Every structure is written in structure tokens, then in C-alpha cells.
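The block underneath contains the structure these notes are about, expressed in C-alpha cells.
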Amino acid sequence: MKTCLIVDDSRVIRKVSRHILETLDFEVEEAENGKEGLDRCMESMPDVVLLDWNMPVMTGIEFITQLRQRDGGDKPKVVFCTTENDVAHIREAISAGADEYVMKPFDHETLQIKLQLVGMA
Numbered sequence: 001m002k003t004c005l006i007v008d009d010s011r012v013i014r015k016v017s018r019h020i021l022e023t024l025d026f027e028v029e030e031a032e033n034g035k036e037g038l039d040r041c042m043e044s045m046p047d048v049v050l051l052d053w054n055m056p057v058m059t060g061i062e063f064i065t066q067l068r069q070r071d072g073g074d075k076p077k078v079v080f081c082t083t084e085n086d087v088a089h090i091r092e093a094i095s096a097g098a099d100e101y102v103m104k105p106f107d108h109e110t111l112q113i114k115l116q117l118v119g120m121a
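Sequential numbering from 1 applies to the sequence shown in the UniProt record's numbering.
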């Protein structure tokens, strides 16, 4: 079974994302900030990370920058899920190591398409 870590400070977004991912046969873990997400990755590296941009403690950009520097941190597919939609933000996310980018709010079909684009659905 594929694994996904949802890193988002919004409990509602984590719950909705979990529901979508579980219908796509993912085993799901959650973290409410980037630091907690990194800790979870060090315990067990997921196949996919759904990553919020703006979070307390550690932002999404800080998370992905640190993740990609760690052993095995190049393996997970990272999909940024955020309200930041300008080209500069998207470029920053991709250059930091993100594989895809999805705008909030998203639905089942949109997330499934993004996961297909990174080879995970």
C-alpha cells in the first residue's frame, strides 16, 4: 500500500485530504507543521507528501528544503497544496524540490490527477 504524509496546520484540510487519499488506497499519516512532518519522515519515509505552504513552526518551503537534503529525502513525491497561486510561488516550490502543485480548495478528481502526474495514482 502506498503511503502519504499530509503536512498542513488545518485540521479540516488534513481530514478532507485523508478521506480522498484513503479512497485512492493510500495509508495516511498527518503532521500539523513542517517540523512534525520532518520527524515523521525520519521515522518512515512516505511515498508522497501533501504539503501546505504557510504553517507555524516550519513553513512548507523550509520543510522541503530540509527533506531533500536528508538521506532518502529525494524519494517522496511532494505535492504543494496551497492558496498561493502566483507564478513566483509556484517557481519557488518547484525549484525547492516540489514535484507538483495543487490549489486549495481541491476536490477528489483534482488531487487524483496531480497524483497521477507524479506517478502515484
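Think of the CB as a built atom: it goes at the ideal place given N, C-alpha and C, for glycine as much as any other residue. As the structure is a prediction and not an experimental result, all values here were calculated from the model.
Length at least 4, wholly inside the stretch 26-60: the alpha helix (DSSP H) runs in chain order
34-43
Checking contacts by CB at 7 angstroms: is Asn54 closer than that to chain E?
The structure shown contains no chain E; it holds only a single protein chain.
Reduced DSSP secondary structure (H/G/I, E/B, other) of Gln109
On the sequence shown, residue 109 is found 109 positions in, with the first residue counted as 1. One detail in the question is off: residue 109 reads as Glu in this sequence, not Gln. If DSSP states are grouped into helix, strand and coil, Glu109 belongs with the helices.
Relative to the alpha-carbon of Ala98, which residue among Pro56, Leu115 and Thr110 has its alpha-carbon at the smallest distance?
By 1-based counting over the sequence shown, the position of residue 98 is 98. Nearest C-alpha to Ala98: Leu115.
Can you name the start and end residues of the beta strand (DSSP E) that Lys77 belongs to?
As a first step, residue 77 must be located in the sequence shown, where it is residue number 77. From DSSP, the beta strand (DSSP E) with Lys77 extends over Lys77 to Thr82.
With Lys2 as the anchor, note down where its alpha helix (DSSP H) starts and where it stops.
Stepping through the sequence shown from its first residue, residue 2 is reached at position 2. It is not in any alpha helix (DSSP H) - Lys2 instead sits in the beta strand (DSSP E) that spans Lys2 to Val7.
Rank Ile94, Val7 and Ile13 by C-alpha distance to the C-alpha of Met58 and give the top, closest one.
One-based indexing of the sequence shown puts residue 58 at position 58. It is Val7 whose Cα lies nearest to the Cα of Met58.
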